[in-house]
Structure formats: structure tokens, C-alpha cells
Amino acid sequence: MKQYMKIMSAGLVFFGLAAPVFSQQANEKLTRKQEKARRQQTITVEAARFTVLTPNCIRLEYQQDGKFTDEPTLFVNHRVINPVPFTLRAEGNATVIETDAVRIRYTPDGKVFHAGNLLARIRKGTEWVEWSPGSKPVANLGGPIPTLDGIGGPVALPEGLLARDGWSVVDDTGKPIFVNDWIAPRPAERGLDWYLFGYGTDYKAALASLAAVSGPVPIPRKHIFGSWYCRWFDYTEAQFRQIAEEYKQHDFPIDILVMDMGWHTQKDAKTGIGHFIGLGWTGWSWNRALLPNAEKLLADLRADGLFVTLNAHPHDGVRAHETCYPDFMRRLGKDPVKDEVPKFNAGDRTYMDAYFKAAHWPLEKAGVDFWWVDWQQDAKPGLAYVPGVPGLRHLPWLNNLYFAYSQTLGKRGLGFSRWGGWGDQRNPIQFSGDSGGCWEMLKFEIEFTLRSGNNGCFFWAHDIGGFYDGNDAELLARWIQFGAVSSSLRLHSYGNMDRRPWLWGPETEQSARIAYHLRSQLMPYIYSSVRQCNTRTLPLLRPLYLDYPGQEQAYTNMQEYLFGDHLLAAPVTSKGDGPGKVAGQTLWIPEGTWFHWFSGESFVGPRSVTLKSSLDEFPLLVRGGTPIPLQPYTPRMTATPLTNLVVRCWPGNDGVMGVNELYEDDGQSDRYLHGESATTRLSYVRQGNEVTVCVDPAKGKYQGQPRKRTITIELPGVRPAVTASANGHVVKAEYDAKTSLCRVMVPDWNIRSRLMVKVNIQ
């Protein structure tokens, strides 16, 4: 056997070096210690190289001349290796690499990887499944497509990371690399570059490996999880102010006001490539005819607690009619009068630096919070790819650029664009495109959202109600309910179609208000769940097979999902009957005791059930015996300080403690990555008729953290209290007989102190 191996020793165990906190900067400089660790976990056998990245992910490369790729790519943004134990041994002419989950056997024969020289066995419970080059998954669970533009119902979805087969392969062969922190073509002679994920039924391990290899999902700025209003319509300054006022008048919360294309001039454009219907889609100059005092408008909206995003179509770059053009040209070292207008060039670092600084910075300094990259450049021949980087489409590269740029003014990174493929989980959030408004689309959108999470795409901002069509007021109400338990509650439409709920009749307005208020109350729970997206790579909307992979029912109904750890949602997706528009939705309830959020009815799983819901409610179940952190309703659900923490606990099993955690940070900066955040442990236990709820001292600090807050303990589904105490002192317990809810309020509680509330129930 003739083998050339950097590491070869029978039975040895190797460990790598822990990866640092993930950085958006691509081309990391490794320390000597890190480089040594990488070599220790890299095994070269003739023209093949294997790198143990996690117990569930092994990189497989084949390069005849031995010149392998060590530079980052859009998929693998960093090359530092986590500590992973594995064994390495020789079995005759074969090399065997084995982790706890995957066993690779390679027998070199002078040929590229094929079924005869490479075999992987993956642990799947008590069994093993096999993969070799050419294997095709038979039960892949799907992944996202870049956009839902023009889609009005179910479409086929591509393969994702998760599969019931127990394995998947991501092919990074030939993809562009980063050189000096900028995108560049991979040398043409570089060979195969595969990433084998082997996880059996441990789908969470697969997602954790995705984060380890490709980078974790960041926590976006908090306000994107609130309420948005958006419409493609040429609004005036007075109309924008009126919209904000109407949200107050109709008692609806709002966090983000979106300005679609009408914010910038369009008819002034005389040059460029154009997009579909004209030259005016790209623009960076205020439309003063509509918004004569745009800067004052932004300042007033910000003073009112609202954030503003602007729509951007970058495909024509910065042209001579723009107010920022002279500054842009000077930054390029060009004469704005004599020199030719340069074409948009996302592949040129100097161009993009001038583009952001001249066209974006002034608007952000005036009060624009972030950019909606409504990217359509790929729609025309010749515009789909980044100049100078063959094979790289604009969408993933622009997502990377915009997210990195969004951090330059001291803010937390935030993107808002269509899905760019593998690695784009690092650039949230995603805009799902201009979808149709119909019942079939609402139903498919839920499944699409769940399957998107299989690839790390956790945060979709859908067009609630549909971008076009959707004239059914009942449909809008049901779609809003889905938005209330989704990543973003974002209304969007165009032309004469306006999704403001109070324009659709009193029934829809009432239903929508209930959903919006629910979203506002749930924000502490939602944001705490978002943290799990970052730290544990778990989707916010979680298909049941992630938590119950051994239950067949967890795969069969893609209309229900766990919303965080402790809420089970199944939005209604069909028309109802009668005056209350009552509609049914079938769901499988996992093990444990669950309570209906709206009715209080209890269900013991596992079981399947069809729940009937009027227009004012939908199936939303909460896990019994678990503290749920809430807040009182507020019209600025993501910006109002949490000075009154509500801890709601539905009844649990006797003697079984339920634990949850409240997560908080400043919501705007990246300081959470450097330890500036706080967690508060919440617990509940019932012993006979006595219920004990504890709020532990907050751990950690962040800017703007309240020192004291009111703590309100809510116990729904119980009889009135006989006695109640807080840290041994008698306190008053209120009771609402209509909702069977017992409430204990403790004002001005120091967050650094432990609170124990005991309630004796009749």
C-alpha cells in the first residue's frame, strides 16, 4: 500500500481547537495553534483529503495535484475547527476515520471518489445506514427556494440538509473563495469539495454542525420581530403620518414602516440598463414631490418609536441624476462631469465601498434603519452574475455585502433580501417575494417556512395576505394569525390592495387586533426563543420531527409547528362556516399536557385532534407546567422596556418542575456577541394545591437594562387562591372568574433578587 498521509496512527484520538466567536469577516488569520489543530484533524491520503469538522460532518476533497482549498467560501465562512475526537486506523489498504456518528472507509485507487473506493456508514439509532458517491436520498425533508415570486400554491422544493435517510451532502465544488476578505474565483483546477453530514435521526446535531461549519444564525435587530406595514404605493409625507396615526386610533401595534420604491425619484433616470418596465427602479434621491421634508419625517417617526426601511434595487448603481453622484464619483477618483458613468459592479471593492458610503450612509444618518434589497438583477440576461467571478449570482453576494455593511455604523447586522442559498443563514432576515394571495398559498407558506428551517433559513418576512390577489377578508384575518406566530408580522401588497386590517370590515379588524395584541404580549417569549436560533441553531418555527424524530405523526402534518420550545401552533388555512366563520384544523399533539391559549381546554398527548376555531382564535397550545415570559400589551412591542414581566404558568403535573429562561439584550447592537446580555431563570412546580413560581436573579448586564420591574404571576385554569405569598410575605391574589385566572403582582422588584411566589389554590 502506497499512501502519503499527514496523520496516520492506529487507534489514536485527535482533538482540534475551539472556534472563536463567529465573525462576518471571511478570511480569518489562523494562529499557529489553530493551524496546528487544523492539521491534526486533516487526513491526506494520496489525492484525497478528509477533515473532521464535527462528529456529524466530514469534509471530503479530491485533488489530483494536492493543491486543496483552504480559503473560506460563501458556504464555509471560516476554517477554524472545533474540538472533535475521532479515531484513525489502517485496515489493509484502506484508511478508516471514525467519529461517534460517522465512519469513513477510503481505499485509494488513483481515481476520483466513487462507490468502489469510498464508503461511509452513519449511525442511525441502533442501526447503521450507508452512503457512497452517487447515493441519492429517498426521504429528504426539503429546503428553501430563493423566492416565492409569482407563486400562488404548492411547488416542489429542493433537497435540504435534513433527510430521513440520516445523511446529506453539500457540494461546494468550484464555488468562489474569499481572498483578502473579497470574493474571487476558485482556481479552475481545484477538484471535488464535499461536506458529508451524517446524523441519523439527530436532526438537531445536523443543524448544529451546519452552524459549526458555515457559521451560526445571528440575532437580528429586535424590531424586525414586531409589526411591519408595507405597500408598493406612492405615499406622500402626510399619508405616512396618517398611517402611523391610524395604527394608534385602531389600537394596533406597529414597529416598522416600510417605504417602497416611491420614496426615490424614478422619472429622472435617463441612462442605465433598466428593469422590466423602465429605468426608474434604482434610485437614491428623495422624491421631494411626495416627501418634501423626508428628513423631518424620519426624525418624527423615530421619535414616535418607529423604525423605517427603504426599498432598494441596486442593479443600475449610482447614475448622474442622483444627488449623491458627485460624492460617489469623487470616492472613485473620477470627475463627476467629465468621466463616464460607471456601471454597477458588485465584484469591485472600490466601487462597492463608494456605493455604500455615498448612496447609503447619508440616508442612514438621516434616520433610515436598514435596507430592503428587493433584488431583481438576476431577471435579465447578462445581469445575473457578479463581474469577475464566474458562476456567482448577485443575490448571495449582495446579501453578504449588505449584511456586512449594516454593521459599519455600530449597529447589529441586519439584512432583508431573498434567500441566497447555502451560508445565507448568516445574513438574516429573508424576504420571500411577491406571492399570490389565496388559501392554497397560505397553506403552502407554512410548510415552506418549516422546511426552510432545515437549511438554517429561520426568519422569513412574508407578504402577509399575499402581494397580489387575496380579496377575501377572512383569508387576511387567518394570514395575520399565522404572522402573529411567525418570525415577522409584515403586511405587504401593491396598488389598490391595502392590507391595513381596519379597511376590511369589523370582523377582520377585531380578529386581527386580537392576533396583533397576542404578538405584542408574546414578545419576551419570542425574543428568548430567537436566542436559541443563535446559540442552538434551532428554528423559531420548528417542525415537529426536530423534537420527535421517532414519531411518524411528526412528519405528516406540515401545518403545525413548535413556536419556540413551549408553544404549539397550527394556523387555520381554510374557509370557515357560519356567522363565526368556524374552521377546523387537524394537529398531532405530542406527549404531555397542553392547554389551548384561547379556550383553556386541556389535551393530553400523544394524540391527534381536530380543533374548531372561530375567526377570533386559532389552534395555539401551550405546554402545561412551564413558565411563559410575557409582557403587558404595548403598541411598540419590541422597543418598550420590560418593566413589567408577566410569568404565565398553566397547570403542570404534580411534583414536576417546569423551567424556562427569559433572554434580554439591548436589541440593537452586536454587544450581545461580547457578553452584554442577561438571562433570568423561571421555574414552576405544583405540590397538591400549592403552586410555587420562582423568578431567579438576572444574570448578566446590557445597556438600558431596567434595575427594577413589576413581576406579575398568572395562573390560568385554576380555582381562586386561599393564600398567596411573595418571599414569605402575604400578598393579594386577584381572580378572574371569567377566564379562571389567578394573578399575583409584586411591584418594584429588584432584578438581582430572587422572587418566590407561593399560591394555595382552593
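Counting with my numbering, you get residues 1220 to 1981 for the letters of the sequence shown.
C-beta atoms are modelled at their ideal positions from N, C-alpha and C, and glycine is treated no differently.
Owing to the predicted nature of the structure, the values given are computational and were not obtained by experimental measurement.
In the DSSP assignment, Q1804 falls outside any alpha helix (DSSP H) and lies within the beta strand (DSSP E) extending over 1802 to 1815. A distance of 8 Å or more separates the beta carbons of H1532 and W1505.
For the pair T1862 and A1623, the Cα-to-Cα distance works out to about 33 Å.
According to the DSSP assignment, T1569 belongs to the alpha helix (DSSP H) that extends over 1568 to 1578.
In this structure, E1280 keeps its C-beta atom at 8 Å or more from the C-beta atom of D1421. In the DSSP assignment, E1909 falls within the unbroken beta strand (DSSP E) covering 1909 to 1914.
In chain order, A1773 place their CB closer than 6 Å to the CB of L1763, counting only its own chain and leaving out the 5 sequence neighbours on each side. Scanning the region 1435 to 1477 from its first residue to its last, the whole beta strand (DSSP E) runs of 3-plus residues come out as 1446 to 1448. G1393 is the residue among H1333, T1345, G1393, V1315 whose C-alpha sits nearest the C-alpha of T1288. Counted as a single uninterrupted DSSP element, the alpha helix (DSSP H) harbouring W1616 occupies residues 1613 to 1625.
Less than 8 Å separates the beta-carbon of G1844 from that of V1875. Rounded to whole angstroms, the gap between the alpha carbons of P1935 and W1869 is 6 Å. For T1862, the three-state secondary structure derived from DSSP is coil. Note on K1800: 16 or more other CB atoms within 10 angstroms of its CB, so buried under the neighbour-count rule.
Distance check between N1879 and each of H1736, D1784, W1447 places D1784 closest, using alpha-carbon atoms only. Below 8 Å, enough C-beta pairs join the region 1671 to 1688 and the region 1430 to 1444 to call them touching: three or more.
Partner residues in the beta bridge of W1968, as assigned by DSSP, are R1928. Exclusion of the five residues before and after E1779 leaves A1789, L1806 as the residues of its chain whose Cβ lies within less than 6 Å of its Cβ. Beyond the five residues adjoining it in sequence on each side, F1663 comes within less than 7 Å, by CB distance, of G1372, P1373 in the same chain, given in chain order.
In this structure, F1686 and S1712 form a Cβ contact; the two beta carbons are roughly 6 Å apart against a cut-off of 8 Å.
Counting of Cβ neighbours within 10 angstroms places R1507 among the exposed residues, the total staying below 16.
Residue range 1692 to 1703 is occupied by the alpha helix (DSSP H) that includes F1701.
Using a Cβ distance threshold of 8 Å, V1904 and V1866 do not count as a contacting pair. Annotated three-state conformation of F1663 is helix, per DSSP. By alpha-carbon distance to Y1325, the top candidate from P1291, I1277, L1892 is I1277. Comparing alpha-carbon positions, the option among D1955, A1488, R1926, I1980 lying closest to S1944 turns out to be I1980.
For C1752, the enclosing alpha helix (DSSP H) covers residues 1725 to 1754.
Bridge partners of A1539 according to DSSP: none are assigned. 8 Å or more divides the Cβ of S1739 from the Cβ of T1569. Check the Cα spacing between S1651 and each of C1657, K1630, A1680, D1643: the tightest is with A1680. Only residues of its own chain outside the window of five on either side were considered, and among them V1537, A1573, A1577 have a CB closer than 6 Å to the CB of F1547, listed in chain order.
Counting of Cβ neighbours within 10 angstroms places D1479 among the buried residues, the total reaching 16 or more. Assigned with DSSP and collapsed to three states, G1481 falls in helix.
Relative to the Cα of M1716, the nearest Cα in the group D1328, Y1448, F1397, A1403 belongs to Y1448. Counting along the chain, R1900 sits inside the beta strand (DSSP E) bounded by residues 1897 to 1906.
Remark: C-beta atoms of D1554 and L1498 do not approach each other more closely than 8 Å.
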